[in-house]
Structures are given as C-alpha cells and as structure tokens.
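Enquirer: Numbering (my numbering), first residue to last: 3 to 1028. Glycine included, each C-beta is placed from N, C-alpha and C at the ideal position. Please read through the structure below; I'll follow up with questions.
So this is what it looks like as structure tokens:
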C-alpha cells in the first residue's frame, strides 16, 4: 500500500466540501497539481491528503505535487484532501484527474531503451532489438560471450547462440552530452515462461501445529527415532520439560499448563518453562493461550575462534606488569589501564561475578591462574564433575582466567550449562548469591530440528531471561556479541524462476541473494567462501556446520522456504543437490546441520540456495510468494565459513539481541598504536519485532555496547596457545573491568556501571568507526582511563509563573526561596532552558509562534539569540545533540510524532529528523547514558511509562519504566546527583511537590520536596555551574 503522510491530525467526521477540482493529462505524462484553499481561508493553511490516487503516484509536498499516472492507465483517478485554515475551519475537496490516450505517440522503433545498467529478458533462440544510448564515439568494451551483435549503431540486435540458455552481457562506452559514459547490458536468455518448476524432495515431516517435530514425535510416534530420542532425553517420568511461547500473557498460558497437569518451573515475559505430561502436549498446542511448544535449546561452547595471529601473539606494553593472578597475564590489563587501577587499590574486591559457560573441566589444574574463583557448580548448584567425564570441555577456564587478570580481587562463581532451562536455573541461582555481574557465553546447537537463535529481535526466551536479571535483580549481564559477522545474511525475500544449470533439468523458484533481476548462474546461490566465489572449494574434514534460516511471516503467509546445499559436479558440469534442511514448524525457521564426522563433504564447490516449497502448485509465480518478508541466514560455527553475500548489520545472536544485555564485540591490538576490528565480530542492531528489517519502521535495539581486546594470552594451552580469540574473550575483559568500576562506586546500579564504562570508552577511544556510537564498535574501545569517579555538576529546579511572567530558579533541590528571580516572557509562551553559549550555566528561553528567544544570562532583558524554527503548534525542546558542549533547540511535532533537531541556534533545515513514539505524546530530553550527548524520550499518558532512547533515531526505547501519573504530573529531567546521567522526575501540579529519581527505573523518589505554587511550569538546569 502506498501512503503519503503530510500532516497527521484528528479530523472531524463531518467536513464541508468544496466543488471538485479537475486536472487533465495524457497517458504516461505527469501533471502538476497545486492544492487550492477557499478564497476566504485565513493563513496559515494546513493541507492533509485524505485519500491518495489509486492509479498513479503523487510526488512532492503539499500544496505542490506532481501526479504521475501508472504506466498504461487511461481513465479517471481521484484524490481527496482537507484544508485547515488559521481559524480552524476545515474544508474537504475531491480532485478529479482525467487521463486520456496520447494519440500523438508513434509506435516505438525499437524494443528496449538502454539505461546505464539494463537487463534484457528474451526467449531462447529469440533476439532483442534495442537502441544504444544516444550519443557519439561508440566503442564496444566487452563483446557478448554467447551471442552476436548485428545492425548499425546505435540500433543493434542481439542474437544468442543456438541452444544457449543463461546469462550473457556486453558493455560499451559513448560520449553523451560531451562526457564519456559506460553502459552495460545483461541478457537473460531462456524461455522462462515455458519452464516447468522441478519437483524437488522437500524432506520436511509434518509436525502437529503448535508443536516442534521432536515433541510431535514424542506425542504421536512415527519413524523419526532420533527426534524421539532427543525428546526422551528431557523426560522426567511421564513429564517432559518444554519451553512454551505464550500467545499473549505468560501467566494465562501457565494457568492452562497447570490445569493440564503440568508443573511450572519458571515464567518470564512471553514464555513459560514447564514439565508437562506427554499426553497433554497435543491439547496444549491447540490452546488459544499458547503459540508454540518446543524442547529447551541445547548449547555448546562458543570455543576459540580460529583466526590467524602473529606468532608472538599480542606485544607487551613497555611497562613491565606484575601479575596479580597467576604467572600469565592478559595484555589487555595494560591496554585498558586496569593495571593503574590495581596499583590504586581497585582490584574488584567485594564484587561478585557469575560466569555461565559450557565447561570447566580440570579447572583444579589451573588454581594459580584462577585465584579469584570461589566455586564451580552445575546450574542447579550440584557438584560439578571436573574430570572431563561430563562435558569434555574446559573452554570456560580462559574466561575465568581473563576475569581474574582484570579483577583479581573479585569473587567468581562459575556455572556449567548445557540447555536453555539450565541457563535460566543458573541465572536464578547466581542472582540468589547477590552477584553484581554475570558473564554468559553459549552457542546454540541443532536439536529438535531447531537452533533457537530467535528472530534477532530481542524477544526470545533467552533474551527475556536476561531482561529479568537486569530489570528485577539489578545485575549487569555481559555477553559476547557473537563471531558470525562473516557468515550472516539478511535481505528482503526476492523470488525468481531460475534454470540452475541452463538446460531445464533443475528449474526452481528461489531467492536471489544479490538482488539481480536475472535468475541464472551464481546470483541465486550464496557461496560458502568469499575469497573466490566461483572457484574456491570447501575443504572441511571434521566438526559441524549449522545453517539457520528464518523469515518473518509464517503465521500470516503461505510461503515456506527450504535450505538446499548444492555441490558442483565436475564430471557433468552441473550443480546437484547435496543436503537439504528439515524443519517446517513455527517459528518460521529451517535448520541445516551437517555433521562432517558422519556425513563428510568431499572437497568441492558448495553453494546454498533458498528454495520456495510450492506445495505442488502447477503454476507457481514469484509474485505469489513475495510480500516483503525479511530473510535471515546464519551459520553458527565461529568463523568457519564465510558467505559470499553478507549483510553488514544484525549479525548478533541472542542473548546479545536482548535490549538490556551488555554485548561486546572484539578488536585486535598487536601493538600500542594499532587496533583492528576483527572481521568475525558481530554487528548490531537487533532486528525489529518478529525478525524484520532492523531499519524499517521502528529499528532494533542498539548493540554491541563496545568492543574489547581479544587474541590475548592465557595459560590454558591447546587451541588457546595462540591467544584467547573471539568475542568471548572481549566480553570477559569487560566483565572484569566492570568489577573495578563497581568497587570504585559501591552504590552503582547495573545501569550506572554500564553508563560509566561507556563514558570511559567514549572519552578514551577517539571515536572509531562511524561518528558517535555505531553498530560495529558500539561506544568504542574498552579503555578505563584513570581510577577516578565520573562527576558532573548537579541540575536543580525552577518554575516559570505565567501569572506575572517571572522565573523562580533554585540552586538546590530543596524547599525554600528562589536564588534567582526575574521577569522574562509572556503568559502564552512555551519555556525551555539550556546552555546556549557553552559557559556551563543553563539559561532561559521562550518559544513564541515558531520563534525562539534565548537568553545567555538569567536576568530580565532582551533576548540574546532570536530566530525562527518550527511551527506555532510545535513543542520546543533543547539539548546537546552532538556533544559539543552547547545546547541547541529542536521541536517535537505532536501531529506527526516527528522530532526535528538543530545543531546550532539558528534558522534553517533540521540537522536531524526522525519519528519516535505515538502522536500527541509528552516529549522529554536528557543524557540517559552519560555519553555527553542528549537524546529524546517520551512520557506516555496512556500507560504512565517513560520511553527513553540513547540515540536520536527511530527505534525501540532503550529504557522504559513506570513512574508518576501524567494525569497529575508534569515530567522534568536532570542530573540530580552529579553522576553525569540525566534521570527523571515529576512535578505534581496540584500539590506543587517535586519527586526526583536518581536512576531511570521504577521506584520511590530519591528526592522530594515542595517548591512553588500549584499548576506552575517546572524547569531544570545548572543555574550556577556548581
């Protein structure tokens, strides 16, 4: 559906109508339209398009448009619009557009008009006539390889070779308008309309709706013995442990589970973990309160990323370190300046850290290096067998060793986890120990035909578990961003008919990875090695490859995608199917796991294809299956294969997708002056709800938060001899650094710790990557700076009394008389405050009918800065949007939920514009994360929640909580305790009482007092730079 949004406002149901306005044009020709208002209309005028034309497109902004009729359309089109004048009078108008045939247009002399890049589709054994770009000095640069050109330039005919079916191209140059230009023409040769889609064997057993395959097999046995065995491994007598996704309320789903004989193990928003009778599975799956039931996800170790490093690993800093934990110390202790913190006495003493990983076998052999370790247990707090008989893995040991290097005085509690239910159990048991920080690093593995990496939207069960730890237990949860950046693809589903081998033997409806129009050759494949996408060979002898495909519309659409791995047969010179995926149950996902020890892939050229299951449709057409679905494809093993077609964003995997997780990417630093972001380090942000395009509509959560060292030294040996590589290592350094900050600031909440470590990264990193925080580097490198608390001056309150045009500003957040009192403005003005000249003192300003009047001192007098920006109905806001130390203005347009920000106090176009929130909300601004950049937020009347964002962009709220009542309170924000983070407050109008919070969380006021009179306008700022 095409939409044109000019102004959004509440319209009256009954509108007076004017006479219709008529426009005429001919087929294919644009028409200029200027919307009219009644002659007696009083300016200013607001135009609203109520109904778009259905047979053409509008281009431009009201009241001036260009109407372009759809190709080939002849007839009548209409549009409706409304005019609201300055007196509030509303008038509606219907505009009639008549499109007639253009009898003056002669039949085209050629078949195709050439653009700089053109694709021409033609039948096999056919030909295409076209005119080259009109110019002079034609030169053929590349001749077609599978056909011939004839005719006289610029009129040319392409004829393919006899029997050729595939893709051909040629390029040429011409001098057009005095400049040489290059043109490329691609020929897609083949009778696509006549090709019949090949029926491939889609090996997808049917699952009971609402149940995974393994649970289907458990409830209704067939012949899938391996899946039945997997489900049986979660049995407890007649009960099986399951993860239940609720349709709406997890509490409602839990009631239904209990009534069916189930035992609730835990509840997090949207999910229930429970032991349920096998006999109740089918009934529960059909219940309206339950969306889907599956087995808990299995995990394994993320392992050590296989990446080339210099033989000597990281170089030491010039200063010699005295290891405080063991004989081997991470080079990052010096690089992050943690060594200076140790010297100053900050070693993490009194701070508890939980570590969740897959295995800690033989940890006793490394007691010297693990001096900060308190205990190692299973998720249920039972004894951990450390002889290698349980997990045969000790990959958690380098994690603890690194944390001990960074925070040798901390207390570390390690927990072994193998499944999703154990992950939650370990989290809860660590919370019961009152840990301050939890480090968690696990890799999903294929079980039950699923690898539950989620939809990348921060709404999986694992994400919800993390959110509970941070929100309920005030624990900082540090996780690796992931090591899959090179093996991750996303894009809009683009279905084509493709003749895979050009001979009609394998014709498929499939997704084209590179977005090309043609459907021949490798553009329909995703190569598994990027270095030479056409000739490189895959040569893996052991381990597993797990490809996870998901898309975001199974419930509402009929598309089913299957993963096929093709191999090139050098004997027949043809691509042949090697392996296929096998999972058809919601969530919309396919998993293709290849155990190379069981099913070895002989060396060769392998390609992935996403093929549409047509379910026997005799006439499948691409447009039948496309509706804007967003496709995600990830290979889970760390940096083993690299995709030819990759996506630069959203390669993070849960729980790094959680809104509240502190996810960490990895950089490598071979010497004191060189830093390189590792190519495997996953990028954010998370996807939109249900796994959509992260930049469509409301964008995903911002991740990663920062990057830290990896490739550092550990004593563990084995695969780690060349260094501890991967985002696991980076996250371990951050967990240790967080412990140092917590010791320095014992009263810090997890939000305070996170804000502090971000500020230190920003101050010491030199802003790597894109300007400001970005989705590759986050807030920058982990560098701690000096062990000194971050401090700022305190904001205090004030009031504007419109009854006498006076301001009453106070230098402390207490009751008492005003410290500053002066007259400025008029009763109808909207008021703002900010540091307009960068002198460290906030001063007053007013917004009057689209004009700002700003003062550089808090005293009576004329404005120092006057300029126009915005409309009279806008709400003024102010903040330091770019971190330059000067507050500048902006406006929030309630009718559009649009924000427009300026980086200077002057007239002009907005430097930043975006939409956030709903229409007609109450805007707020502040530095919510201590990065010295003010960002926006809203105080929503409908649910009493604050929705704060850490970037001035469209997206989800980074912080949301309930505080105050919009029906009774006005919002106010400021840094009430000098910790460099702005937090919320309310002014209760009827009582003239202030309730200020020192954290952006739900709870009681930290500061409360009475000041001013009832129903005055609250303001805040630093009036004295103290």
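Let me confirm a value: residue 474 is counted as buried when at least 16 other C-beta atoms fall within 10 Å, else exposed. Which label applies?
Expert: Reading the chain shown from its first residue, position 472 is the one you call residue 474. Burial call: exposed.
Enquirer: May I ask you to report which of helix, strand or coil DSSP gives residue 513?
Expert: The residue given as residue 513 occupies position 511 in the chain shown. Strand, per DSSP.
Enquirer: So, are the CB atoms of residue 221 and residue 246 less than 8 Å apart?
Expert: Along the chain shown, one-based indexing puts residue 221 at 219. Along the chain shown, one-based indexing puts residue 246 at 244. No, Cβ-Cβ distance for residue 221 and residue 246 is not below 8 Å.
Enquirer: Relative to the C-alpha of residue 364, which candidate in 357, 345, 387 and 219 has its C-alpha closest?
Expert: Counted from its first residue, the chain shown places residue 364 at position 362. Checking every option, the nearest Cα to that of residue 364 belongs to 387.
Enquirer: May I ask you to check if the CB of residue 982 is nearer than 7 Å to at least one heavy atom of the ligand ADP?
Expert: With respect to small molecules bound, the structure shown includes none, and the ligand ADP cannot be examined in it.
Enquirer: Report yes if the C-beta distance between residue 212 and residue 295 is below 8 Å; otherwise report no.
Expert: Position 210 of the chain shown, counting from 1, holds the residue named residue 212. Position 293 of the chain shown, counting from 1, holds the residue named residue 295. Against a cut-off of 8 Å, the Cβ pair of residue 295 and residue 212 comes out as a contact.
Enquirer: Does the region 357-374 come into contact with the region 766-781, if we say contact requires no fewer than three beta-carbon pairs (one atom in each stretch) closer than 8 Å?
Expert: In short, these stretches do not touch, since the Cβ pair count stays below three.
Enquirer: So is residue 749 buried or exposed if we call it buried at 16+ other beta carbons inside 10 Å?
Expert: Position 747 of the chain shown, counting from 1, holds the residue named residue 749. Answer is exposed; the Cβ neighbour count stays below 16.
Enquirer: Which residues in the same chain have their Cβ closer than 6 Å to the Cβ of residue 1024, if we skip the five residues on either side of it in sequence?
Expert: Start at 1 with the first residue of the chain shown, and residue 1024 comes out as number 1022. Excluding positions up to five away in sequence, the list reads 795, 797 and 844.
Enquirer: How many angstroms separate the CA atom of residue 624 from the CA atom of residue 611?
Expert: As a first step, residue 624 must be located in the chain shown, where it is residue number 622. As a first step, residue 611 must be located in the chain shown, where it is residue number 609. Taking the straight line joining both Cα atoms gives about 15 Å.
Enquirer: Starting from residue 404, follow the beta strand (DSSP E) in both directions and report where the run begins and ends.
Expert: Within the chain shown, residue 404 is the residue found at index 402, counting from 1. Where residue 404 is concerned, there is no enclosing beta strand (DSSP E), although the alpha helix (DSSP H) it sits in stretches over 398-408.
Enquirer: What's the gap between the Cα of residue 706 and the Cα of residue 468?
Expert: For the purposes of this step, residue 706 is taken as the residue at position 704 of the chain shown. For the purposes of this step, residue 468 is taken as the residue at position 466 of the chain shown. Taking the straight line from one Cα to the other gives about 15 Å.
Enquirer: With three or more C-beta pairs closer than 8 Å as the rule, is the region 276-293 touching the region 646-661?
Expert: The region 646-661, when compared against the region 276-293, does not touch it at the 8 Å Cβ threshold.
Enquirer: Could you check whether residue 248 and residue 293 sit closer than 8 Å to each other, using their CB atoms as the reference points?
Expert: Locating residue 293 in the chain shown gives position 291, counting from the first residue. Locating residue 248 in the chain shown gives position 246, counting from the first residue. A contact, by the Cβ cut-off of 8 Å.
Enquirer: Quick one: any contact between the region 782-791 and the region 330-340, if contact means 3 or more CB pairs under 8 Å?
Expert: Touching, yes, given that three or more Cβ pairs across the two stretches are closer than 8 Å.
Enquirer: Leaving aside the five residues before and after residue 823 along the sequence, list all residues of the same chain whose C-beta is less than 8 Å from its C-beta, in chain order.
Expert: Taking the first residue of the chain shown as position 1, residue 823 is located at position 821. Within the same chain, residue 823 has close Cβ partners 808, 809, 810 and 811.
Enquirer: Leaving out five residues on either side along the sequence, give the residues of the same chain with a beta carbon under 6 Å from the beta carbon of residue 102.
Expert: For the purposes of this step, residue 102 is taken as residue 100 along the chain shown, with counting starting at 1. Answer for residue 102: 28, listed in chain order.
Enquirer: Suppose only complete runs of 3+ residues qualify. What are the beta strand (DSSP E) ranges in the region 949-1017, listed by chain order?
Expert: Those beta strand (DSSP E) runs which fall completely within the region 949-1017 and span 3+ residues are 961-964, 971-976, 985-990, 995-998 and 1009-1012.
Enquirer: Along the chain, where does the beta strand (DSSP E) that runs through residue 102 open and close?
Expert: Translated into the one-based positions of the chain shown, residue 102 becomes position 100. Segment 92-102, the beta strand (DSSP E) holding residue 102.
Enquirer: Whole angstroms are fine: how far does the CA of residue 398 sit from the CA of residue 359?
Expert: Locating residue 359 in the chain shown gives position 357, where the first residue counts as 1. Locating residue 398 in the chain shown gives position 396, where the first residue counts as 1. Residue 359 and residue 398: Cα-Cα distance of roughly 5 Å.
Enquirer: Just to confirm my understanding: we take residue 986, look at its own chain, exclude 5 residues before and 5 after, and list those with CB closer than 7 Å. What are they?
Expert: Stepping through the chain shown from its first residue, residue 986 is reached at position 984. Contacts found: 948, 965, 973, 975, 999 and 1002.
Enquirer: May I have the straight-line CA-CA distance separating residue 160 from residue 190, to the nearest angstrom?
Expert: One-based indexing of the chain shown puts residue 160 at position 158. One-based indexing of the chain shown puts residue 190 at position 188. Looking at the two C-alpha atoms, the distance is approximately 12 Å.
Enquirer: Let's see if you can read the secondary structure: which residues bound the beta strand (DSSP E) around residue 881?
Expert: Working through the chain shown from its first residue, we reach residue 881 at position 879. Residues 877-881.
Enquirer: Could you check whether residue 873 and residue 892 sit closer than 8 Å to each other, using their CB atoms as the reference points?
Expert: Indexing the chain shown from 1 puts residue 892 at position 890. Indexing the chain shown from 1 puts residue 873 at position 871. No, they are not a contact pair.
Enquirer: With distances taken from CA atoms, which of 443, 438 and 134 is nearest residue 418?
Expert: Residue 418 sits at position 416 when you count from the first residue of the chain shown. For the residues 443, 438 and 134, the minimum Cα distance to residue 418 belongs to 443.
Enquirer: What residue range is occupied by the uninterrupted alpha helix (DSSP H) comprising residue 738?
Expert: Residue numbering aside, residue 738 sits at position 736 when the chain shown is read from its first letter. From DSSP, the alpha helix (DSSP H) with residue 738 extends over 729-746.
Enquirer: What are the boundary residues of the alpha helix (DSSP H) that includes residue 650?
Expert: Along the chain shown, read from residue 1 onward, the residue named residue 650 stands at position 648. Careful: residue 650 lies outside any alpha helix (DSSP H) and carries neither H nor E.
Enquirer: Consult DSSP for residue 777 and reduce its assignment to one of helix, strand or coil.
Expert: On the chain shown, position 775 is the one that residue 777 refers to. Three-state DSSP puts residue 777 in coil, outside helix and strand.
Enquirer: Using a Cβ-Cβ cut-off of 7 Å (strictly less than) and excluding sequence neighbours within five positions of residue 1020, which residues of its own chain qualify?
Expert: Sequence index remark: in the chain shown, residue 1020 carries index 1018 (1-based). Excluding positions up to five away in sequence, the list reads 799, 801, 972, 974 and 989.
Enquirer: Measuring straight from C-alpha to C-alpha, what distance separates residue 25 and residue 77?
Expert: As a working mapping, residue 25 is identified with position 23 in the chain shown. As a working mapping, residue 77 is identified with position 75 in the chain shown. Cα-Cα distance, rounded: 12 Å.
Enquirer: Measure the C-alpha to C-alpha separation of residue 916 and residue 901 and round it to an integer number of angstroms.
Expert: Within the chain shown, residue 916 is the residue found at index 914, counting from 1. Within the chain shown, residue 901 is the residue found at index 899, counting from 1. Those two C-alpha atoms are separated by around 5 Å.
Enquirer: Secondary structure at residue 704, three-state DSSP: helix, strand or coil?
Expert: For this step, residue 704 is matched to residue 702 along the chain shown. Coil at residue 704, not helix or strand.
Enquirer: Which term fits residue 385, buried or exposed, when burial requires 16 or more other beta carbons within 10 angstroms of its beta carbon?
Expert: As a position in the chain shown, residue 385 is number 383, starting the count at 1. It is exposed - the Cβ of residue 385 has fewer than 16 other Cβ atoms within 10 Å.
Enquirer: Helix, strand or coil for residue 266 per DSSP?
Expert: Locating residue 266 in the chain shown gives position 264, where the first residue counts as 1. Strand at residue 266.
Enquirer: Which whole-angstrom value is the C-beta distance of residue 547 and residue 639, which I expect to be below 8 Å?
Expert: The sequence position of residue 547 within the chain shown is 545, counting from 1. The sequence position of residue 639 within the chain shown is 637, counting from 1. Going by Cβ atoms, the distance from residue 547 to residue 639 rounds to 6 Å, so yes, they are a contact pair.
Enquirer: DSSP has residue 801 in a bridge; who is on the other side?
Expert: Numbered from 1 along the chain shown, position 799 holds the residue referred to as residue 801. According to DSSP, residue 801 bridges with 810 and 1020.
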